[in-house]
Amino acid sequence: MEGIEKIKEVAALAVPGAQIEIVNSTPAAQQPALLVNREHVHAVAKFFKEDPRFQMDFCSCVTGVDYLPKADKPGFIEVVYHLYSVAQRQGPIVLKVRAPRELDSCRVPSLTPLWRGCEFQEREAYDLYGVKFDGHPDLRRILMWDEFTDHPMRKDYAPPADYEWEPTPHDDTLQRSAQAGGIVPPTAIQELEKARKK
Amino acid sequence: MIQPLAEPGRYTLTAGPIGRADARPSGEGLIETQKLEVSIGPQHPSTHGVFRMDCVLDGETVIALKPVMGYLHRNHEQLAERMAWLGSMPYTDRLDYFNSMTNNWAYALAVERLAGIKVPDRAEYIRVIMSELTRILNHSCVIGFMLQDLGAWGTPLLYAFRERERILDLFEAVSGSRMMCNYMRFGGVRVDMTPKDLAAANDIVARFPRFLDEFEKLLTTNEVLLARTQRIGILPKELAINAGISGPMARASGVEYDVRKIDRYGVYGRFDFRVPVGDVGDVYDRYYVRVLEMRQSINILQQALRDIPAGPHIAPEVKLRNFKIPPGDGYGRIEAPKGELGFYLVSDEGGKQPYRYHVRPPSFINLTTLEDMCLGHKVADVVIVLGSIDIVLGEVDR
Chain C
10 MEGIEKIKEV AALAVPGAQI EIVNSTPAAQ QPALLVNREH VHAVAKFFKE DPRFQMDFCS
70 CVTGVDYLPK ADKPGFIEVV YHLYSVAQRQ GPIVLKVRAP RELDSCRVPS LTPLWRGCEF
130 QEREAYDLYG VKFDGHPDLR RILMWDEFTD HPMRKDYAPP ADYEWEPTPH DDTLQRSAQA
190 GGIVPPTAIQ ELEKARKK
Chain A
26 MIQPLAEPGR YTLTAGPIGR ADARPSGEGL IETQKLEVSI GPQHPSTHGV FRMDCVLDGE
86 TVIALKPVMG YLHRNHEQLA ERMAWLGSMP YTDRLDYFNS MTNNWAYALA VERLAGIKVP
146 DRAEYIRVIM SELTRILNHS CVIGFMLQDL GAWGTPLLYA FRERERILDL FEAVSGSRMM
206 CNYMRFGGVR VDMTPKDLAA ANDIVARFPR FLDEFEKLLT TNEVLLARTQ RIGILPKELA
266 INAGISGPMA RASGVEYDVR KIDRYGVYGR FDFRVPVGDV GDVYDRYYVR VLEMRQSINI
326 LQQALRDIPA GPHIAPEVKL RNFKIPPGDG YGRIEAPKGE LGFYLVSDEG GKQPYRYHVR
386 PPSFINLTTL EDMCLGHKVA DVVIVLGSID IVLGEVDR
């Protein structure tokens, strides 16, 4: 496979209007990535999949990364795709796409219609980072439970202090027992106090 | 021809009318049957851990199946992002707790790629020996578990465990722990293998083919095994590639792809071995590809134990204290027994700990096509199909 400059040129030529930038990896890793704008990432990915020079038929890894805002730059969520070609035994081509951190506008087009291998991994990125993938056939939480409301891998996520406690059928009994001066484990009393304050 | 995606909401589990309202006449129009929603797991012994499958059954035939996971989720990735680079090395053991050596290697390889560390030859050979021993350990036990799912209670599994015990003894001698080995370090391995350890490894390698012959004699042409596994859970080649399936499961479907051959990481370029490939892609092929892979692993082990050079077991210039990586990202992957195990790591300013640490777990992604493989089969076959995928929930849920 040619150098990243050449790949970028070819892709920019094939998908008119796409804004493609080269992002460097660590100096040793030698895995530069292509940062594509949200509107064109599907077309660019499709080009890499179907073009006979690349034939990227295997989407190996999908990752969400949260970058907090810095002094001069706004924060963003980045989704990274690692594409390999099984047919031509080459790769990886690394595609990156960025979305704003705000939950309403944190949307990127899904690549699951191109590679089914993205299905669970995009669900994972949605679950843990809150990225909504437009065009994903079954975008649900996958690792956290369905009733969970936050996205725990975000860098600014603060876990609730009492996440392990939830009301149990024994609460009334414990309360009556406490009122009657019975022996109740101290933690249970504290939790009852906490629940009463709510 | 790639199979179309499951349409969203084709079967809305726990929502649609199920029971009498959904009853329909059977083929002959004599008996009315109804669709039944069955939740297999998370406490069912055949799900290999806390994994759940929501199935919709028509009689005994599966017409929809959704995998449900996350019962063992402990946010492994976030824990690793709060530790120094080396701090999560012992925790990678707990991903796929059957194959801690290969998990260690995958993480060490990714970090070495980011930091540009060169590993001495002896360390590379020790890593190959450990990872191939892990592969035969995993494959023999997986076959044992799969047969247990078929109803061969205990016997094949105990045969496999007898061999596993010898390998675990060696792991204990070398690393100090049987399963949670925590053996690899950036730039090499933690302790060298003594001549006694190498002799023990040679002994294991010498007696393993005999076990495998016996194992195969009992199983490969066994009538019950053939009847229960052939033409069950077929995964077409195109779908396997498109769905990101890797490892023995992809190779059973005819995808000739082995990261050991493609990337030639470590010293795999120096060994002469072949990559077995199936052609039907059913459960039987997945069984037999694993048997053949074990034979190839023995082949690699013989070469590695013959050629292992003298020298340092860890790169002397790597300082594990105050270890830092320049800003940037990178992806490293290896061929773990279950498939392609990769780590995507991001380092930021300071570089003392990973800013982002992502695991690409093979058994998690291999579950993508579970529904496609089970549709149209009986509910008893679901268990075998799941067994042939070879999942470990520590890795699926992370």
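Protein chains in written order, with the working numbering: chain C, 10 to 207; chain A, 26 to 423. All C-beta atoms in this analysis are idealised placements derived from N, C-alpha and C, irrespective of residue type, glycine included.
{"Check": "Is it true that the CB of A/His101 sits closer than 8 Å to the CB of A/Leu120?", "Outcome": "yes"}
{"Check": "Following the continuous beta strand (DSSP E) through C/Arg116, name the residue where it begins and the one where it ends.", "Outcome": "116-118"}
{"Check": "Which value, in whole angstroms, describes the spacing of the CA atoms of A/Glu62 and C/Gln28?", "Outcome": "48 Å"}
{"Check": "Compare the Cα-Cα distances from A/Ala474 to each of A/Arg235, A/Ala198, A/Leu243 and report the closest residue.", "Outcome": "The requested residue 474 of chain A does not occur in the structure, where chain A is confined to residues 26 to 423."}
{"Check": "According to DSSP, which residues form a beta bridge with C/Ala108?", "Outcome": "C/Ile86"}
{"Check": "Compare the C-beta of A/Ile350 against all C-beta atoms of chain C and say whether one is closer than 8 Å.", "Outcome": "yes"}
{"Check": "Starting from C/Glu30, follow the beta strand (DSSP E) in both directions and report where the run begins and ends.", "Outcome": "29-32"}
{"Check": "Starting from the Cα of A/Met218, find the closest Cα among A/His402, A/Ile339, A/Thr180, A/Arg99 and give me that residue.", "Outcome": "A/Ile339"}
{"Check": "In chain order, which alpha helix (DSSP H) runs of at least 4 residues are fully inside the region 10-60 of chain C?", "Outcome": "13-23, 50-59"}
{"Check": "By the criterion of Cβ-Cβ separation under 7 Å, what are the contact partners of A/Ile139 in chain C?", "Outcome": "Note that residue 139 of chain A is Leu in the sequence shown, not Ile. Result: Thr35, Ala37, Ala38."}
{"Check": "Using 8 Å for Cβ pairs, my map puts C/Arg132 next to C/Leu148. What's the rounded Cβ distance?", "Outcome": "6 Å"}
{"Check": "Opposite C/Asp143 in the DSSP bridges: which residues?", "Outcome": "C/Pro118"}
{"Check": "For C/Ser69, decide whether its Cβ has a neighbour in chain A, counting only Cβ atoms nearer than 8 Å.", "Outcome": "yes"}
{"Check": "Within 10 angstroms of its Cβ, does C/Arg125 collect 16 or more other Cβ (buried), or is it exposed?", "Outcome": "buried"}
{"Check": "When we look at the beta-carbon of A/Ala335 and count the other beta-carbons within 10 Å, is it buried (16 or more) or exposed?", "Outcome": "exposed"}
{"Check": "Contact criterion: CB-CB distance below 8 Å. Does A/Glu98 meet it with respect to chain C?", "Outcome": "A small correction: the amino acid at residue 98 of chain A is His; Glu does not occupy that position in the sequence shown. Interface residue, yes."}
{"Check": "Going by Cα to Cα distance, which pick from C/Lys105, C/Phe56, C/Lys17, C/Ala189 is closest to C/Thr72?", "Outcome": "C/Lys105"}
{"Check": "Can you grab the Cα-Cα spacing for the pair A/Leu162 / A/Asp397, in whole Å?", "Outcome": "29 Å"}
{"Check": "Since C/Gly12 meets chain A, which of its residues come closer than 7 Å, beta carbon to beta carbon?", "Outcome": "By Cβ distance, chain A contributes nothing, its closest Cβ being about 17 Å from C/Gly12, past 7 Å."}
{"Check": "Looking at chain C, which residues of the region 360-382 of chain A have a Cβ within less than 7 Å of any of its Cβ atoms?", "Outcome": "Glu365, Gly367, Tyr369, Val371, Ser372, Arg381"}
{"Check": "Go to A/Ile259, then tell me how far its alpha helix (DSSP H) extends in each direction, as first and last residue.", "Outcome": "Unbroken run through A/Ile259: none, as it is neither H nor E."}
{"Check": "Can you grab the Cα-Cα spacing for the pair A/Ala89 / A/Asp79, in whole Å?", "Outcome": "8 Å"}
{"Check": "Please determine if the region 263-270 of chain A and the region 82-90 of chain C are in contact, where contact requires at least 3 C-beta pairs separated by less than 8 Å.", "Outcome": "no"}
{"Check": "Tell me, to the nearest whole angstrom, how far the beta carbon of C/Val103 is from that of C/His91; I am working on the premise that it is less than 8 Å.", "Outcome": "6 Å"}
{"Check": "Give the residues of chain A in contact with C/His51, contact being defined as C-beta atoms less than 7 Å apart.", "Outcome": "Residues of chain A passing the Cβ test: none, with the nearest at roughly 15 Å."}
{"Check": "Quick one: which chain C residues come within Cβ less than 8 Å of A/Tyr116?", "Outcome": "Per Cβ cutoff of 8 Å: no residues; A/Tyr116 is ~16 Å from chain C at best."}
{"Check": "Please state whether the Cβ-Cβ distance between C/Thr35 and A/Gly355 is less than 8 Å.", "Outcome": "yes"}
{"Check": "May I ask you to list the residues that DSSP assigns as paired with A/His383?", "Outcome": "A/Tyr369"}
{"Check": "Helix, strand or coil for A/Ile350 per DSSP?", "Outcome": "coil"}
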